[in-house]
Amino acid sequence: MLPHYVVVMKETNPDVVAYISWNNQGPEMPLTFKRIFISFGAQYKGFAKGCRPLIGIDGCHLKGNFNGCLLSAIALYANQQIFPIAYAVVSEESKDSWTYFFRCLRTALADSGRDDWTFMSDRMKRQFPGPYFEAYFWQAANAYNEWVFTKAMDKMKGLDPAAYHYLREIDLKLWTRFKFDPTICCDDNTNNFTESFNATLGLDRVLPIMTIRRNCMVRIATRQATGEEWQENDITPYAKNEIKKANDDSRFCQLHCSGRGEWEVVEGRTSFPLNMVQRTCMCGRWQISGIPCKHACRVINNNRQSPAQFVSKYYSVAYYRATYDLTIHPMPDPTQWPPADIPFIAPLK
Ligand SMILES: [Zn+2]
Numbered sequence: 006m007l008p009h010y011v012v013v014m015k016e017t018n019p020d021v022v023a024y025i026s027w028n029n030q031g032p033e034m035p036l037t038f039k040r041i042f043i044s045f046g047a048q049y050k051g052f053a054k055g056c057r058p059l060i061g062i063d064g065c066h067l068k069g070n071f072n073g074c075l076l077s078a079i080a081l082y083a084n085q086q087i088f089p090i091a092y093a094v095v096s097e098e099s100k101d102s103w104t105y106f107f108r109c110l111r112t113a114l115a116d117s118g119r120d121d122w123t124f125m126s127d128r129m130k131r132q133f134p135g136p137y138f139e140a141y142f143w144q145a146a147n148a149y150n151e152w153v154f155t156k157a158m159d160k161m162k163g164l165d166p167a168a169y170h171y172l173r174e175i176d177l178k179l180w181t182r183f184k185f186d187p188t189i190c191c192d193d194n195t196n197n198f199t200e201s202f203n204a205t206l207g208l209d210r211v212l213p214i215m216t217i218r219r220n221c222m223v224r225i226a227t228r229q230a231t232g233e234e235w236q237e238n239d240i241t242p243y244a245k246n247e248i249k250k251a252n253d254d255s256r257f258c259q260l261h262c263s264g265r266g267e268w269e270v271v272e273g274r275t276s277f278p279l280n281m282v283q284r285t286c287m288c289g290r291w292q293i294s295g296i297p298c299k300h301a302c303r304v305i306n307n308n309r310q311s312p313a314q315f316v317s318k319y320y321s322v323a324y325y326r327a328t329y330d331l332t333i334h335p336m337p338d339p340t341q342w343p344p345a346d347i348p349f350i351a352p353l354k
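Under the numbering used here, the first residue of the sequence shown carries the number 6, and numbering increases by one thereafter.
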């Protein structure tokens, strides 16, 4: 019934971007499902208005009565949790399926006025042999600045040269934090957040595609209600908690004023140049994450200002509300669908 489902979906949710295709193998053969792509206005418009320009993508097998793979595009919203932008069910994960998915996604985002997306995927997932690789890889990947990065890589070079040379071949901005684009304001360097979408779906074995829509509808409605309880000019609970942690750690820092908004913040034996005008700290954390680091919190508190004022707009309640401004409208069950001259198709085998 999926071709009919798409028609009814467009009637109830006129701004949905939805495509379905099926295989026609001759006059005596049944039509068979090929693939379906769905992105509701509440999803692609909410993403473009309120989320960082970061898109996590993931594919997983559908367990249940039908074969096929679920492809999804996931963003992080202002409270640092997942916001599904689009999903597709395809026969298999392949270059052809992903090309289809990205083509459809581009259509959905065509009117967003933005084209600065960063994509995150697990395509580099691979086991590298060697006992030291794991530890030093994560030290290097988690580094907020070049100094920490170089230290980890130097250790790896001495202990596991093959791993070192393998990593040096890969463009740094693809895997280490300190090279991430600061405009994204995201320091997440794993793809775990997209995988958690699949885990939370609780996919129905009989009607997986319809279940996802309902799940996304309810997800948006509950978060929309939550956002209405928050103060208009506030930051999200996630950002508040990050500020609290940074504030707690900031008391061990010492300040030396340099003038015109510049400071040297000393932590232990390390000294970090900090610029309040450019909102940068040499530890790297402030500009990469969009939330003041402990050194910045120390200066901001010293200036009798509030660290919340220096948090990126992407963690604001205003952006949260922009993300959850629209809703996915409810749909009737198939017995109530208006008649339409649309073929039935056979599912994937
Ligand atoms: Zn810092």
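Backbone N, C-alpha and C define an ideal beta-carbon position, used for all residues, glycine too. Bear in mind that the values here come from a model prediction, so they are computed numbers and not experimental data.
Terminal residues of the continuous alpha helix (DSSP H) containing residue i?
i, result
"Gly213", "Note on identity: in this sequence residue 213 is Pro, with Gly being the wrong assignment. Per DSSP, Pro213 belongs to the alpha helix (DSSP H) from Pro213 to Glu233."
"Pro8", "Leu7 to Thr17"
"Ile90", "It is not in any alpha helix (DSSP H) - Ile90 instead sits in the beta strand (DSSP E) that spans Ile87 to Val95."
"Thr123", "No alpha helix (DSSP H) contains Thr123, which is instead part of the beta strand (DSSP E) from Thr123 to Met125."
"Val322", "Val322 to Thr328"
"Arg111", "Lys100 to Ala113"
"Asp253", "Pro242 to Ser255"
"Trp342", "Taken as a continuous stretch (DSSP letters only), Trp342 belongs to no alpha helix (DSSP H), as it is neither H nor E."
"Phe198", "Asn197 to Thr205"
If we count the other Cβ atoms within 10 Å of its Cβ and call it buried at 16 or more, is residue i buried or exposed?
i, result
"Pro58", "buried"
"Val322", "buried"
"Trp268", "buried"
"Pro335", "exposed"
"Val94", "buried"
"Asn246", "exposed"
"Gln85", "buried"
"Ala167", "exposed"
"Thr275", "exposed"
"Gly264", "exposed"
"His300", "buried"
"Ser102", "buried"
"Thr195", "exposed"
"Met14", "buried"
"Ser77", "buried"
If you drop the 5 nearest sequence neighbours on each side, which residues of the same chain put their C-beta closer than 6 Å to that of residue i?
i, result
"Glu272", "Cys258"
"Glu98", "Gly64 and Cys74"
"His261", "Glu269"
"Asp121", "Pro58"
"Tyr243", "Asn84 and Gln85"
"Met281", "Gly266"
"Cys190", "Arg57, Gly295, Ser317 and Tyr319"
"Phe138", "Asp165 and Ala168"
Please list the terminal residues of the continuous beta strand (DSSP E) segment that includes residue i.
i, result
"Leu164", "Not the beta strand (DSSP E): Leu164 falls in the alpha helix (DSSP H), residues Glu151 to Leu164."
"Met34", "Here Met34 belongs to no beta strand (DSSP E), and DSSP marks it neither H nor E."
"Trp27", "Val22 to Asn28"
"Ala80", "Cys74 to Leu81"
"Cys56", "Taken as a continuous stretch (DSSP letters only), Cys56 belongs to no beta strand (DSSP E), as it is neither H nor E."
"Gln259", "Cys258 to Gly264"
Please list, in chain order, all residues of the same chain as residue i whose beta carbon is under 7 Å from its beta carbon, the five residues on each side excluded.
i, result
"Cys298", "Ala251, Cys286, Cys288, Arg290 and Trp291"
"Lys160", "Tyr141"
"Arg303", "Ser255, Cys258, Leu260 and Val270"
"Ile225", "Ala47, Tyr329, Thr332 and Ile333"
"Arg119", "Ala53 and Pro58"
"Glu200", "Asp63"
For the pair the segment 234-251 and the segment 106-116, tell me if three or more CB-CB distances fall below 8 Å. no
Going residue by residue through the segment 270-301, where are the continuous beta strand (DSSP E) segments of at least 3 residues, counting only ones entirely within it? Listed in chain order, they are 275-280.
Contact between the segment 53-70 and the segment 18-31 is defined here as three or more beta-carbon pairs at a separation below 8 Å; is this criterion met? no
Would you call the segment 118-128 and the segment 81-89 in contact, with 3 or more CB pairs under 8 Å? As far as the Cβ criterion goes, the segment 118-128 does not touch the segment 81-89, which means the pair count is below three.
Quick test of the definition: if touching needs 3 or more C-beta pairs under 8 Å, does the segment 174-186 touch the segment 139-150? Touching, per the Cβ criterion.
Can you find at least 3 beta carbon pairs, one from the segment 343-352 and one from the segment 6-17, that sit closer than 8 Å? yes
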